[in-house]
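J.: Quick note: to get our numbering, add 1471 to the position in the sequence shown (first position is 1). All C-beta atoms, glycine included, are put in the ideal place defined by N, C-alpha and C.
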Amino acid sequence: MSESNDYSKIDADHELVVNAIKELPYRTRAYETLMRKYERLIFSVCLRMLNNQADAQDLSQDVMFKVFNTLVQFEGRSTFKTWLMRVTTNMCLTHISKNKRRGEIREQWSEDMAGDQVTHIKTAAFDVQSLLQDIKPAEREVLTLRYLADMSLQDIASACDISLSAAKMRLYRATEALNSKIAE
């Protein structure tokens, strides 16, 4: 990771990331500090994307393990948080894709709804988590990054490897899809 990049000035995690890269794999103090800082956000993003608490917990651990193994590849072209959210959402999308191919997503979701395993965010008229599951994974991804991870549109564009205008359009379409589900 180049220390002279533009993001080092705005990335609060820059020093921790540099230290973690230097320390790993033999020492893990800086890495553990980074993961403690982001573990709730990673889990929350996984839960929103997967709608299954057990899968979200497992995938959160997988994300942290992947970060442990690939942190040296972080080039600093974005903030660490942006890179981490990209790793997290990519792993969630891969998980969703694998489960969809096997036809297990709806079945698992139905089983979870029958039990008390899933925590839902309830509003007066609808269940937000159910609505999110009814929209496309790419739309769910951008909504999760924007409103749960509190990322700017520029950071979302970077995390999703798309242009800023594409990020704006994707957020607009996701919002419209969610609004149409609410209106049903």
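Taking just the CA atoms, how far does SER1531 sit from ILE1513?
T.: Roughly 6 Å between the two C-alpha positions.
J.: Taking the continuous alpha helix (DSSP H) assigned at MET1622, which residues delimit it?
T.: Looking at the DSSP string, MET1622 is not in any alpha helix (DSSP H), and its letter there is neither H nor E.
J.: Excluding the 5 residues flanking LYS1652 on each side, which residues of the same chain have their C-beta closer than 6 Å to its C-beta?
T.: So the qualifying residues of the chain are LEU1602 and ASP1605.
J.: Do you know whose CA, among ARG1519, SER1623, LEU1614 and GLU1503, lies nearest THR1550's CA?
T.: Of the listed residues, the one whose Cα sits closest to THR1550 is SER1623.
J.: Considering only the beta carbon of each residue, do ALA1638 and ALA1628 sit closer than 8 Å?
T.: Yes; because the gap between Cβ atoms is below 8 Å, this pair is in contact.
J.: Considering Cα atoms alone, identify which of ARG1548, CYS1517, LYS1537 and PHE1545 is closest to ILE1567.
T.: Checking every option, the nearest Cα to that of ILE1567 belongs to CYS1517.
J.: Under 8 Å: do the segment 1520-1528 and the segment 1539-1553 share three or more Cβ pairs, one atom per stretch?
T.: Contact fails: fewer than three Cβ-Cβ distances are below 8 Å.
J.: If I measure Cβ to Cβ from GLN1625 and keep anything under 7 Å in the same chain, skipping five residues before and after, which residues do I get?
T.: Same-chain partners within the cutoff: LEU1635.
J.: Quick one: using the 10 Å Cβ neighbour count with 16 as the cut-off for buried, is ARG1611 buried or exposed?
T.: The residue in question, ARG1611, is buried, as its Cβ has 16 or more Cβ neighbours within 10 Å.
J.: May I ask you to report which of helix, strand or coil DSSP gives SER1549?
T.: Coil.
J.: Would you say VAL1613 and ALA1645 are within 8 Å of each other, going by their C-beta atoms?
T.: Cβ distance < 8 Å, so VAL1613 and ALA1645 count as in contact.
J.: Let's see if you can read the secondary structure: which residues bound the alpha helix (DSSP H) around ALA1527?
T.: Unbroken alpha helix (DSSP H) run through ALA1527: 1524-1541.
J.: How would you call MET1640, buried or exposed, if buried means at least 16 neighbouring beta carbons within 10 angstroms?
T.: Answer is exposed; the Cβ neighbour count stays below 16.
J.: Once DSSP output is grouped into helix, strand and coil, what is the label at ILE1633?
T.: ILE1633: coil per DSSP, three-state reduction.
J.: Is THR1615 closer than 8 Å to ARG1519 when the C-beta atoms are compared?
T.: The answer is yes: Cβ separation under 8 Å.
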